[in-house]
Structure formats: C-alpha cells, structure tokens
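Engineer: Right, I'll just put the structure down here and ask away after.
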Amino acid sequence: MEIYQGKDARVREGTTRTLEVFERAKIDRVLITHASEDNTYKKLRATRISPSSFTHIFCLDDLGSKGVEEWKASVEKGKYHPEEILAGGDSWSADIVPALAIGVPKAQVFRIRHDRLDLNQSPIEGVAQLHHVGELPEHIVATL
0 MEIYQGKDAR
10 VREGTTRTLE
20 VFERAKIDRV
30 LITHASEDNT
40 YKKLRATRIS
50 PSSFTHIFCL
60 DDLGSKGVEE
70 WKASVEKGKY
80 HPEEILAGGD
90 SWSADIVPAL
100 AIGVPKAQVF
110 RIRHDRLDLN
120 QSPIEGVAQL
130 HHVGELPEHI
140 VATL
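Heads up: the sequence shown at position 135 corresponds to 134 in numbering that gives the first Met the number 0, and the numbers run straight through without jumps.
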C-alpha cells in the first residue's frame, strides 16, 4: 500500500484513516518497500506514521528489486497465504504483477493511481484502481 509519496515523504490521502480502520478490524498491516530500513523509518517519522502501525515491515533495498521472488519471500516470512492477502501499490510491475504471480486473487489486488507516467503503463484488466488509499475501506465494503 502506498502510504507516503515524494522525496519530502508526504503522507498519501487517507493513509492514517485506512491504517486505523485496518487496526480496529484486526487486519495485519504489512509494508514492503524498495527503500532501505533507515530511509523507510525516516519517511515514517516525517509522515508521523508510527512503525508500530504495521505488523511487518520488509525493506528490500539490498535486494535491488521488488519482484515476484521478493514478494514471495516477504509473504513466507510473515507466514501468510496468498488467498489471505489484500495487496496494493502504485506500480504495475513492482506491486501488482508480483502479487498476482504469487497467487493473490485478482479481486484482492488494487492499485493506487499515480501521476508518474511510467507507473501507469501496462494496466491489468480486472484490477481495481483507486485515486488514493483512503478509498480502500469503502472499496472493500463495495466488493463484498
């Protein structure tokens, strides 16, 4: 889930509310990021999001990519099964395709639209696209 954006680490619209809704619903919140651990925690501090808001944080910076193998390793470390996961992000190639490849059902995958043109390439039919992460709770309810 894209929770912050840009070099200044501005919190994405609806992030705080969505994390609170998921916490109250006892849903694990997992952050998988390309950034180093230092950079990730710096961005979380800048956006005033507590690291304790997440059940797991996986920083994949040293792996050089965030593809199928990295998603699979993170899911296995968290002891999750693909059918238990609601997966999302802003990148088709680094977030959506790997989630689908490891077996997350298409109905449980969502994409946050982005202004960067390179992230908007190769849309996948049937994957929900949201304007911001704050739309996620309502999207979940609407698809039940």
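The beta carbon of each residue, even a glycine, is placed where N, CA and C say it ideally should be. As the structure is a prediction and not an experimental result, all values here were calculated from the model.
Around the C-beta of A217, are 16 or more other C-beta atoms found within 10 angstroms, so that it is buried, or is it exposed?
Structural biologist: For residue 217 there is no data in the structure shown, the boundaries of the chain being 0 and 143.
Engineer: Roughly how many angstroms lie between the CA atoms of E69 and D27, to the nearest whole one?
Structural biologist: One C-alpha to the other measures close to 19 Å.
Engineer: Between the segment 79 to 93 and the segment 102 to 110, can you find at least three pairs of beta-carbon atoms closer than 8 Å?
Structural biologist: Short answer: they touch.
Engineer: Once you ignore the five residues that flank A93 on each side, which residues in its own chain have a CB closer than 8 Å to its CB?
Structural biologist: Result list for A93: H33, S64, K65 and G66, in chain order.
Engineer: Got a sec? Which residues, its chain only, sit under 6 Å from E36 by beta carbon, not counting five neighbours each side?
Structural biologist: C58.
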